Amino acid sequence: MFIERPPLFYRMFYPGAVWRIKNSREKMVYLTFDDGPIPEVTPWVLDVLDKYQIKATFFCVGDNVRKHPSLYRQIIEKGHITGNHTFNHIQGWKHNTNYFIDNTQKANSYIQSPFFRPPHGHILHSQFVFLKKKGYKFIMWDVVTRDYSKYMTPEKVLNNVKKYVRDGSIIVFHDSLKAEKNLRYALPLAIEWLKGEGYSFGLIH
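In case it helps, this note's numbering puts the sequence shown at residues 584 to 788.
Below, the structure written as C-alpha coordinates:
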(Lines of atoms letter the chains of each structure in order from A; the text may use other names.)
(Lines give C-alpha, C1' and ligand atoms only; values in the text may rest on other atoms or scores of the structure.)
Protein backbone atom coordinates (compact mmCIF):
# COMPACT_ATOMS: atom_id res chain seq x y z
CA MET A 584 0.00 0.00 0.00
CA PHE A 585 2.94 2.37 0.62
CA ILE A 586 3.72 2.23 -3.10
CA GLU A 587 0.18 2.30 -4.46
CA ARG A 588 -0.98 5.16 -2.23
CA PRO A 589 1.64 7.41 -0.62
CA PRO A 590 1.00 7.77 3.13
CA LEU A 591 0.22 11.08 4.78
CA PHE A 592 3.63 11.47 6.41
CA TYR A 593 5.33 11.22 3.00
CA ARG A 594 3.01 13.83 1.52
CA MET A 595 3.84 16.20 4.36
CA PHE A 596 7.49 16.32 3.24
CA TYR A 597 6.42 18.31 0.17
CA PRO A 598 4.10 21.15 1.24
CA GLY A 599 2.16 22.63 -1.64
CA ALA A 600 2.48 19.56 -3.86
CA VAL A 601 -0.82 18.29 -5.26
CA TRP A 602 -1.60 14.66 -4.44
CA ARG A 603 -5.38 14.64 -4.73
CA ILE A 604 -7.98 17.08 -6.09
CA LYS A 605 -11.30 16.93 -4.27
CA ASN A 606 -14.43 18.14 -6.04
CA SER A 607 -17.52 18.73 -3.93
CA ARG A 608 -19.87 18.64 -6.90
CA GLU A 609 -19.16 15.21 -8.37
CA LYS A 610 -16.99 12.11 -8.06
CA MET A 611 -13.92 12.78 -10.14
CA VAL A 612 -10.54 11.24 -10.90
CA TYR A 613 -7.58 12.49 -12.91
CA LEU A 614 -5.67 10.23 -15.30
CA THR A 615 -1.96 10.87 -15.75
CA PHE A 616 0.67 9.13 -17.86
CA ASP A 617 4.41 9.18 -17.15
CA ASP A 618 7.60 8.53 -19.16
CA GLY A 619 6.47 9.10 -22.76
CA PRO A 620 5.97 10.04 -25.42
CA ILE A 621 7.04 7.00 -27.43
CA PRO A 622 5.57 5.85 -30.77
CA GLU A 623 5.05 2.26 -29.58
CA VAL A 624 2.59 3.18 -26.82
CA THR A 625 1.51 6.83 -26.69
CA PRO A 626 -0.61 6.84 -29.89
CA TRP A 627 -2.58 3.89 -28.55
CA VAL A 628 -3.17 5.74 -25.27
CA LEU A 629 -4.40 8.77 -27.20
CA ASP A 630 -6.79 6.57 -29.18
CA VAL A 631 -8.22 5.08 -25.98
CA LEU A 632 -8.69 8.52 -24.46
CA ASP A 633 -10.36 9.72 -27.67
CA LYS A 634 -12.73 6.76 -27.58
CA TYR A 635 -13.91 7.64 -24.09
CA GLN A 636 -13.67 11.41 -24.62
CA ILE A 637 -11.25 11.81 -21.71
CA LYS A 638 -8.53 14.42 -21.32
CA ALA A 639 -5.42 13.50 -19.34
CA THR A 640 -2.07 14.86 -18.23
CA PHE A 641 1.15 13.46 -19.72
CA PHE A 642 4.35 13.90 -17.70
CA CYS A 643 6.92 13.70 -20.45
CA VAL A 644 10.60 12.86 -20.47
CA GLY A 645 12.40 15.66 -22.26
CA ASP A 646 14.61 13.40 -24.35
CA ASN A 647 11.54 11.55 -25.62
CA VAL A 648 9.98 14.87 -26.61
CA ARG A 649 13.20 15.75 -28.43
CA LYS A 650 13.10 12.45 -30.31
CA HIS A 651 9.37 12.56 -31.08
CA PRO A 652 8.30 16.20 -31.42
CA SER A 653 5.33 15.48 -33.68
CA LEU A 654 3.95 12.99 -31.17
CA TYR A 655 4.32 15.57 -28.42
CA ARG A 656 2.44 18.12 -30.53
CA GLN A 657 -0.29 15.55 -31.09
CA ILE A 658 -0.81 15.23 -27.32
CA ILE A 659 -1.30 18.98 -27.03
CA GLU A 660 -3.44 19.30 -30.16
CA LYS A 661 -5.84 16.72 -28.75
CA GLY A 662 -6.43 18.93 -25.73
CA HIS A 663 -4.36 17.11 -23.15
CA ILE A 664 -2.05 18.77 -20.63
CA THR A 665 1.67 18.06 -20.42
CA GLY A 666 4.16 18.24 -17.57
CA ASN A 667 7.90 17.96 -17.02
CA HIS A 668 9.36 14.60 -15.92
CA THR A 669 13.04 15.64 -16.27
CA PHE A 670 15.11 15.27 -19.42
CA ASN A 671 16.62 11.86 -18.67
CA HIS A 672 14.15 10.42 -16.14
CA ILE A 673 16.58 10.88 -13.27
CA GLN A 674 15.86 10.41 -9.58
CA GLY A 675 16.48 13.41 -7.37
CA TRP A 676 17.72 11.28 -4.50
CA LYS A 677 20.61 10.03 -6.65
CA HIS A 678 21.86 13.39 -7.94
CA ASN A 679 23.01 16.66 -6.47
CA THR A 680 20.69 19.63 -6.61
CA ASN A 681 22.46 21.52 -9.39
CA TYR A 682 22.52 18.52 -11.72
CA PHE A 683 18.87 17.71 -11.07
CA ILE A 684 17.78 21.31 -11.62
CA ASP A 685 19.77 21.58 -14.85
CA ASN A 686 18.23 18.35 -16.14
CA THR A 687 14.74 19.59 -15.31
CA GLN A 688 15.33 22.97 -16.92
CA LYS A 689 16.71 21.27 -20.03
CA ALA A 690 13.52 19.25 -20.28
CA ASN A 691 11.42 22.37 -19.96
CA SER A 692 13.10 23.90 -22.99
CA TYR A 693 11.19 21.21 -24.93
CA ILE A 694 8.09 20.77 -22.77
CA GLN A 695 7.39 24.34 -21.59
CA SER A 696 4.96 23.48 -18.83
CA PRO A 697 4.56 24.75 -15.25
CA PHE A 698 3.70 21.24 -14.06
CA PHE A 699 6.38 18.92 -12.72
CA ARG A 700 6.45 15.36 -11.41
CA PRO A 701 9.77 13.94 -10.19
CA PRO A 702 10.51 10.42 -11.47
CA HIS A 703 9.52 7.86 -8.82
CA GLY A 704 8.50 10.80 -6.64
CA HIS A 705 12.12 10.98 -5.46
CA ILE A 706 13.32 14.51 -4.89
CA LEU A 707 15.55 16.17 -2.31
CA HIS A 708 14.11 18.97 -0.22
CA SER A 709 16.60 21.44 -1.71
CA GLN A 710 15.53 20.46 -5.24
CA PHE A 711 11.87 20.75 -4.29
CA VAL A 712 12.29 24.21 -2.77
CA PHE A 713 14.35 25.51 -5.72
CA LEU A 714 11.88 24.33 -8.35
CA LYS A 715 8.93 25.72 -6.41
CA LYS A 716 10.65 29.11 -6.32
CA LYS A 717 11.13 28.80 -10.08
CA GLY A 718 7.35 28.53 -10.40
CA TYR A 719 6.91 24.82 -10.98
CA LYS A 720 3.71 23.27 -9.67
CA PHE A 721 4.29 19.78 -8.27
CA ILE A 722 1.69 17.23 -9.32
CA MET A 723 2.20 13.98 -7.46
CA TRP A 724 -0.39 11.17 -7.16
CA ASP A 725 -2.93 9.45 -4.98
CA VAL A 726 -2.83 6.08 -6.78
CA VAL A 727 0.01 4.52 -8.74
CA THR A 728 -1.08 1.47 -10.71
CA ARG A 729 2.40 -0.11 -10.83
CA ASP A 730 1.79 -1.01 -14.47
CA TYR A 731 5.56 -0.71 -15.03
CA SER A 732 6.45 -3.57 -12.67
CA LYS A 733 7.50 -6.94 -14.06
CA TYR A 734 6.11 -8.47 -10.88
CA MET A 735 2.59 -7.24 -11.63
CA THR A 736 0.05 -9.05 -13.78
CA PRO A 737 -2.39 -7.01 -15.87
CA GLU A 738 -5.18 -8.13 -13.55
CA LYS A 739 -3.30 -6.88 -10.47
CA VAL A 740 -2.73 -3.51 -12.12
CA LEU A 741 -6.45 -3.18 -12.75
CA ASN A 742 -7.17 -4.25 -9.19
CA ASN A 743 -4.90 -1.50 -7.87
CA VAL A 744 -7.22 1.04 -9.45
CA LYS A 745 -10.30 -0.63 -8.02
CA LYS A 746 -8.78 -1.03 -4.56
CA TYR A 747 -7.19 2.37 -4.00
CA VAL A 748 -9.14 4.91 -6.03
CA ARG A 749 -11.31 7.47 -4.27
CA ASP A 750 -12.89 10.81 -5.07
CA GLY A 751 -10.20 13.20 -6.27
CA SER A 752 -7.55 10.56 -6.95
CA ILE A 753 -4.74 11.44 -9.32
CA ILE A 754 -4.00 8.09 -10.97
CA VAL A 755 -0.64 7.21 -12.54
CA PHE A 756 -0.23 5.00 -15.59
CA HIS A 757 2.88 4.86 -17.80
CA ASP A 758 3.07 5.15 -21.59
CA SER A 759 6.32 3.20 -21.65
CA LEU A 760 7.59 -0.09 -23.05
CA LYS A 761 7.95 -1.55 -19.55
CA ALA A 762 4.28 -0.86 -18.85
CA GLU A 763 2.88 -1.64 -22.29
CA LYS A 764 1.52 -5.14 -21.69
CA ASN A 765 -0.17 -4.24 -18.41
CA LEU A 766 -1.36 -0.87 -19.71
CA ARG A 767 -3.06 -2.26 -22.81
CA TYR A 768 -5.08 -4.59 -20.63
CA ALA A 769 -5.77 -2.39 -17.63
CA LEU A 770 -6.42 1.09 -19.03
CA PRO A 771 -9.64 0.43 -20.99
CA LEU A 772 -11.03 -1.81 -18.25
CA ALA A 773 -10.13 0.71 -15.56
CA ILE A 774 -11.93 3.46 -17.46
CA GLU A 775 -15.01 1.27 -17.91
CA TRP A 776 -15.01 0.35 -14.22
CA LEU A 777 -14.55 3.94 -13.08
CA LYS A 778 -17.39 5.11 -15.29
CA GLY A 779 -19.57 2.33 -13.93
CA GLU A 780 -18.78 3.50 -10.39
CA GLY A 781 -19.98 6.99 -11.24
CA TYR A 782 -16.65 8.74 -11.66
CA SER A 783 -16.05 11.59 -14.08
CA PHE A 784 -12.62 12.38 -15.50
CA GLY A 785 -11.10 15.76 -14.76
CA LEU A 786 -8.15 17.59 -16.25
CA ILE A 787 -5.43 19.07 -14.07
CA HIS A 788 -5.06 22.84 -14.47
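We treat Cβ as the ideally placed atom computed from N, Cα and C, and that holds for glycine.
Every value quoted in this text rests on a predicted model; they were computed, and no experiment measured them.
Asked, Found
"Taking DSSP as the reference, what is the three-state secondary structure of P722?", "A small fix is needed here, since residue 722 is Ile in this sequence, not Pro. Of the three classes helix, strand and coil, the one that applies to I722 here is strand, per DSSP."
"Could you name the residues of the same chain whose beta carbon sits closer than 8 Å to that of I722, not counting the 5 residues immediately before and after it, in chain order?", "A600, V601, T615, T640, F642, G666, F698, F699, R700, I753, I787"
"Should the stretch 675 to 687 be called in touch with the stretch 620 to 628, which here means at least 3 C-beta pairs below 8 Å?", "no"
"Flag this pair as yes or no: are the beta carbons of M611 and G785 separated by less than 8 Å?", "yes"
"Tell me the DSSP secondary structure of V744 in three-state form.", "helix"
"Could you give the residue range of the beta strand (DSSP E) that holds I684?", "Counting along the chain, I684 falls outside any beta strand (DSSP E), though it belongs to the alpha helix (DSSP H) covering 680 to 694."
"Closer than 8 Å, CB to CB, is Q657 near chain C or not?", "This model lacks chain C altogether; it includes just one protein chain."
"Does the separation of the CB atoms of Y597 and F711 fall below 8 Å?", "yes"
"Helix, strand or coil for D758? Go by DSSP, reduced to three states.", "coil"
"From the DSSP output, read off the bridge partner residues of N667.", "C643, F699"
"Can you give the Cα-Cα distance for I586 and V727, rounded to whole angstroms?", "7 Å"
"Can you name, in chain order, every residue of its own chain whose Cβ lies under 6 Å from the Cβ of D725, other than the five neighbours on each side?", "W602, R603, S752, I753"
"When you compare only the Cα positions, how much space is there between S759 and S653?", "17 Å"
"Would you tell me roughly how many angstroms separate the C-alpha atoms of R764 and N606, rounded to the nearest one?", "Reading off the sequence shown, one finds Lys at residue 764, where the question assumed Arg. Going from the Cα of K764 to the Cα of N606 covers about 32 Å."
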